[in-house]
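Trainee:
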Amino acid sequence: MISELLPERAADAARLEQLADAGKLPVVTVLGKFNHGKSTLLNELIGQGVFAVSDARQTMELDAFDQDGVRWLDAPGLDADVQTEDDRRALRGSWEEADIRLFVHSAREGELDGSEKALLAELAADAGHSRREALVVITQIEEVGEDTLADILRVIKEQTASLEVLPVSAIRYRRGREGGKQLLIEKSGMPALKDRIAQAVRLVFAARADERQMKGIVLRAHLASAGAGRYERLKTLSAERNRQMAHFKSEFGQIQANIHKRIREV
Ligand SMILES: Nc1nc2c(ncn2[C@@H]2O[C@H](COP(=O)(O)OP(=O)(O)OP(=O)(O)O)[C@@H](O)[C@H]2O)c(=O)[nH]1
Ligand SMILES: [Mg+2]
18 MISELLPERA ADAARLEQLA DAGKLPVVTV LGKFNHGKST LLNELIGQGV FAVSDARQTM
78 ELDAFDQDGV RWLDAPGLDA DVQTEDDRRA LRGSWEEADI RLFVHSAREG ELDGSEKALL
138 AELAADAGHS RREALVVITQ IEEVGEDTLA DILRVIKEQT ASLEVLPVSA IRYRRGREGG
198 KQLLIEKSGM PALKDRIAQA VRLVFAARAD ERQMKGIVLR AHLASAGAGR YERLKTLSAE
258 RNRQMAHFKS EFGQIQANIH KRIREV
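The sequence shown runs 18 to 283 under the numbering used here.
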């Protein structure tokens, strides 16, 4: 109903529907370009290989897995050149459903490109008025040297401004876990990311309550002004109708009188 009356607020209305489900687990999702390691990262955060990984463009639709009181949501990678309607629907779905968004970018690609910067700006703006957390996760860090990584992180921190940047290597983490190597695990950056996500998850229900309230206020204000706008338009239409009626009556009366006069004369 809201999207019919206020098509420009359809995303807010869809998010409000999501927030109406009080029992919904906190949802963590990934966003970013394809092949930057989103599914691999989620698999390592969960501790099992539940999401498909490959060198080709792999994830094509939303895929969810519930664990540790969290819904982990894998999403298709962005690619401006080959985005299909299915991809766009999936992305809209993950945007609406998720409480915590991990923006994933591979260190192999260096700094962020234009489309990534645009997406980050959207995330930062949304975090500003919904209290949904967005974290920038730089993946595959073991693929570049320490100095290069330091340079890349410095530039990306400038590019992301308000958002937190966390560098990780899912592969290093896996090797550390499998080999029981604590140093490798620490160096992977994954424990720090897991802690940061756990901290965000603990705040999800409070953040949702705030968001529900904020979205409610915004939608009510838009509905009120849409209602007032329609009322004003109807008033104008009604005044115009009255004017035309008056005009018609006077013209018609004149014509009638002329005809009657003419009939009498004939
Ligand atoms: N070296 C290295 N390779 C990685 C790492 N994480 C992922 N990869 C590899 O990067 C490729 C893409 O990984 P995915 O996890 O499928 O990437 P994705 O972002 O989910 O890709 P789409 O689903 O197509 O959007 C795979 O070959 C992974 O093995 C990492 O930390 N280090
Ligand atoms: Mg994937």
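Glycine residues also receive a C-beta, built at the ideal position from the N, C-alpha and C atoms.
Please confirm whether Leu-152 and Val-185 have their CB atoms less than 8 Å apart.
Mentor: Cβ distance not < 8 Å, so Leu-152 and Val-185 don't count as in contact.
Trainee: Just to confirm, is the Cβ distance from Met-231 to His-146 under 8 Å?
Mentor: Cβ atoms of Met-231 and His-146: closer than 8 Å.
Trainee: Comparing the CB of Asp-38 with every heavy atom of ligand 2, is any distance shorter than 7 Å?
Mentor: No, ligand 2 has no heavy atom inside 7 Å of this Cβ.
Trainee: Cutting at 8 Å between CB atoms, please list the residues of its own chain near Ala-144, excluding the five before and the five after it.
Mentor: Here the set comprises Glu-150, Ala-151, Ser-179 and Leu-180.
Trainee: Smallest Cα separation from Thr-46: which of Ile-234, Ser-205, Leu-79 and Ala-263?
Mentor: The candidate whose alpha carbon is nearest that of Thr-46 is Leu-79.
Trainee: At the level of alpha carbons, what is the spacing between Asn-261 and Ala-28?
Mentor: Just to set this straight, residue 261 is Gln in the shown sequence, not Asn. Each residue's Cα considered, the two are about 42 Å apart.
Trainee: Check whether the Cβ of Ser-242 lies closer than 7 Å to any heavy atom of ligand 2, and answer yes or no.
Mentor: Not so, every heavy atom of ligand 2 lies at least 7 Å from the Cβ.
Trainee: Measure the alpha-carbon distance for Lys-266 versus Arg-247 and round it to whole angstroms.
Mentor: Answer to the nearest angstrom: the Cα atoms are 28 Å apart.
Trainee: Going by DSSP in three states, Leu-42 sits in which element: helix, strand or coil?
Mentor: Leu-42 falls in the coil class under three-state DSSP.
Trainee: Between which residues of its own chain and Tyr-190 is the CB-CB distance below 7 Å, once the five residues before and five after are set aside?
Mentor: Excluding sequence neighbours, Tyr-190 sits near Glu-61, Ile-202, Ser-205 and Met-207.
Trainee: Decide if Arg-250 is buried, meaning its Cβ has at least 16 other Cβ atoms within 10 Å, or exposed.
Mentor: By the neighbour-count rule (16 or more Cβ atoms within 10 Å), Arg-250 is not buried but exposed.
Trainee: What are the start and end residues of each continuous alpha helix (DSSP H) run of 4 or more residues lying completely inside the region 23 to 72, in chain order?
Mentor: If we require 4 residues or more, the alpha helix (DSSP H) runs fully inside the region 23 to 72 come out as 27 to 37 and 55 to 63.
Trainee: Taking DSSP's pairing of strands, which residues face Thr-371 in a bridge?
Mentor: Because the chain is modelled from 18 through 283, residue 371 falls outside the range shown and cannot be assessed.
Trainee: May I ask you to verify whether the region 236 to 243 touches the region 210 to 221, counting CB pairs closer than 8 Å and requiring at least 3?
Mentor: Counting Cβ pairs under 8 Å, fewer than three are found: no touch.
Trainee: Sort Glu-133, Ala-115 and Leu-200 by Cα distance to Asp-38 and report the nearest one.
Mentor: Among Glu-133, Ala-115 and Leu-200, the Cα nearest to that of Asp-38 is on Ala-115.
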